[in-house]
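Residue numbers (our numbering): 39 to 395. Note that the Cβ used here is the ideal one computed from N, Cα and C, for glycine as well.
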Amino acid sequence: MKKKLYLFLFFTSTIIAQKNPLTIEDKSFDNYKKADLKGKFELNKSYAVLEVLPVLSSYQTIVDDKFLGVKNFGTLVAKTDFNSQQDIQKLTSNNSDYWRATMEMELRNELIPVTKIFILVSQGELDYALKYLEIVSMISDDDTYANAYLTNLEKRLQIFNDQLTSEIQIGIAEHDKGNFEKAISIYKKILNDYPNSAWANFELFYSQFELNNKTGKKDLNSYENWDKTKTNVFSHNPLYNVQMSAKDGNEAYQIYRRNSIGKLFENAKNKLEDIYKYADIAMDLQAYDFAAQLFWYASSYLEAESSLFKYLYCLEKLGVKDLKNNFKGNFEKEFKKIEREKEKEVIKSEVYKSYKE
39 MKKKLYLFLF
49 FTSTIIAQKN
59 PLTIEDKSFD
69 NYKKADLKGK
79 FELNKSYAVL
89 EVLPVLSSYQ
99 TIVDDKFLGV
109 KNFGTLVAKT
119 DFNSQQDIQK
129 LTSNNSDYWR
139 ATMEMELRNE
149 LIPVTKIFIL
159 VSQGELDYAL
169 KYLEIVSMIS
179 DDDTYANAYL
189 TNLEKRLQIF
199 NDQLTSEIQI
209 GIAEHDKGNF
219 EKAISIYKKI
229 LNDYPNSAWA
239 NFELFYSQFE
249 LNNKTGKKDL
259 NSYENWDKTK
269 TNVFSHNPLY
279 NVQMSAKDGN
289 EAYQIYRRNS
299 IGKLFENAKN
309 KLEDIYKYAD
319 IAMDLQAYDF
329 AAQLFWYASS
339 YLEAESSLFK
349 YLYCLEKLGV
359 KDLKNNFKGN
369 FEKEFKKIER
379 EKEKEVIKSE
389 VYKSYKE
C-alpha cells in the first residue's frame with residue numbers, strides 16, 4: 039500500500055501510541071504467565087481468535103478497492119470461525135488473494151504475514167507460527183499495529199517455549215538414563231497439553247525406538263514407522279531438524295539441508311542474504327509457503343531476479359498460478375531451469391554421493 043491506514047477501534051486491548059515502537063497492551067499477559075503449559079496453549083489460541091484476528095482483518099477490509107487482494111483476504115479472515123478447525127493451507131498458502139495481498143502491502147508493513155501467524159496460533163500450530171515470527175520480526179516496521187501484536191506474541195511464545203523446553207528436557211534426562219518407559223510417559227503428558235510439538239513428537243518416537251531395541255522388538259523400528267512419525271513431525275514444523283539415519287541419498291540431502299539452517303543468521307550483516315538461503319533450504323524441504331514468503335522478501339530488498347522467479351515457482355507448487363501474469367518472463371523456461379539447478383545441487387553434494395558409492 040502507498041499510505042498507512044488509520045482506524046480508531048474500540049476493542050479489549052488498550053492501544054498505547056509511542057514514537058517508536060508502537061505498542062498494544064496485552065491485558066491477559068499476567069494471567070497467561072501463571073498458567074500451566076496446557077493453559078498457555080489454550081490462552082494463545084483464544085488471544086488470536088478473540089483479540090487479534092478481528093482487529094487485523096478490520097484493517098484489511100477498509101482498504102481502497104484497488105487493493106483487492108488485501109480486501110478479499112481480510113473479508114475471508116473476518117468471516118471465518120477460528121474457534122473451529124480450519125484448513126490453514128486453503129486459507130493462506132493455496133489462496134491467490136493471500137499472496138496478492140502480500141504483494142500489495144507497503145514494504146515492512148507485515149499485516150498479511152502477521153495475520154497468517156495468528157491464524158496458525160488460532161489453530162494451535164505454535165511451532166510453525168514461531169518459525170514465521172522469527173523472520174517476519176526482522177523485517178516488520180516497529181510503528182505498525184501488526185508489529186505491536188507480533189511483539190506481544192513473541193513474548194508469549196518465549197515463555198511458552200521455555201516451559202516446553204524445560205519439560206521435554208526432563209524426558210530427555212530419563213531417556214539418557216535408560217528409563218525409556220518413564221521418558222515416554224513424560225512426552226505423552228506433554229503432548230496431551232500441546233499435541234502439536236514437533237520436538238515432543240520426535241522425542242516420543244525416539245524413546246519408543248530405543249525401548250523396542252531394549253525389549254527385543256526391533257522389528258517395530260521400520261522405516262515405514264519412521265515415515266509415519268516424520269510426516270506428523272513435519273506437519274507441525276516442516277523445518278524441524280531431525281537426527282536420524284537416512285534410507286537413501288535424497289533423504290540424506292534433506293537432513294543435510296535441515297542441519298544447514300542452524301548456520302544462518304550468525305552475522306547480522308548477512309541478514310538479507312541469509313533470508314535468501316533460508317528460502318532456498320525451505321524450497322528444498324518442500325515448505326513452499328515458507329519459502330515463498332522469504333523469496334518475496336529477498337526479491338523486494340535484494341532486487342534479485344532469481345528470487346522473484348523462485349517466489350513464483352513456489353506459488354506454482356502451491357497451486358497459485360495466476361499471479362505470475364503480473365510479471366514478465368518465460369516462466370516455463372525459468373521454472374525448468376530452477377528444477378535442473380536443484381537436481382544438480384543434490385547430485386553434486388557430498389552427502390548424496392556418499393550414498394551412491
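Counting every other CB atom within 10 Å of its CB across the protein chains shown gives Q98 a total of 16 or more, marking it as buried. By the beta-carbon neighbour count (other beta carbons within 10 angstroms, threshold 16), N234 is buried.
Apart from sequence neighbours up to five positions away, the residues of its chain that approach K226 with a beta-carbon distance below 8 Å are L242, ordered along the chain.
At a cut-off of 4 residues, the continuous stretches assigned as alpha helix (DSSP H) that sit fully inside the stretch 79–127 are 91–99 and 106–117. For N199, the enclosing alpha helix (DSSP H) begins and ends at Y183 to D214. A Cβ-Cβ separation of about 7 Å places K169 in contact with N275 under the 8 Å criterion. The beta carbon of L340 lies closer than 8 Å to those of L310, E311 and Y314 in the same chain, with the five residues before and after it left out. Annotated three-state conformation of T253 is coil, per DSSP. Looking at the DSSP output, I222 bridges to nothing. Taking C-beta atoms as the reference points, D165 and A73 fail to come closer than 9 Å. Inclusion of L346 and L361 in the CB contact set at 9 Å is not warranted, their separation being larger than that value.
Scanning E89, G107 and G112 for the CA closest to the CA of S96 turns up G112. Note on N82: 16 or more other CB atoms within 10 angstroms of its CB, so buried under the neighbour-count rule. Per DSSP, the continuous alpha helix (DSSP H) segment holding E388 begins and ends at E388 to S392. The Cβ atoms of V174 and I157 do not sit closer than 9 Å to each other. Boundaries of the alpha helix (DSSP H) around R138: S134 to E142.
Spatial neighbours of M321 in its own chain (CB-CB distance under 7 Å, excluding positions within 5 residues in sequence) are listed in chain order as A329, K348 and C352. Contact between S245 and A221 holds, since their C-beta atoms are separated by about 4 Å, short of 8 Å. Residues F105, G107 and V108 of the same chain have their beta carbon placed closer than 6 Å to that of E142, with the five preceding and five following residues left out of the count. Here the alpha carbon of V358 sits roughly 10 Å from the alpha carbon of R138. In this structure, the CA atom of Q196 is about 16 Å from the CA atom of S66. Separation of the CB atoms of D327 and S131 is rounded to 4 Å, and the pair is thereby assigned contact status at 8 Å.
If you draw a 10 Å sphere on the C-beta of I385, you find fewer than 16 other C-beta atoms in it, and that means exposed.
A distance below 9 Å separates the beta carbons of G216 and K252. The beta carbons of L356 and L323 sit no closer together than 9 Å. Under the three-state reduction of DSSP, A290 is assigned to helix. Residue D181 holds the alpha-carbon nearest to the alpha-carbon of L60 among S283, K374, Q281 and D181.
Between the alpha carbons of N305 and Y316 lies a gap of roughly 14 Å.
By the 16-neighbour rule on beta-carbons within 10 angstroms, D318 is buried.
Taking K268 as the centre and dropping the five residues before and after it, the same chain places no C-beta closer than 6 Å to its C-beta. Take the alpha-carbon of W334 and the one of K255: they are about 48 Å apart. For K71, the enclosing alpha helix (DSSP H) has its first and last residue at F67 to K72. Taking every protein chain shown into account, the CB of K78 has 16 or more other CB atoms within 10 angstroms, so this residue is buried. Annotation: A86 to N190 spans about 11 Å, alpha carbon to alpha carbon. By the neighbour-count definition (other C-beta atoms within 10 Å, threshold 16), F120 is a buried residue.
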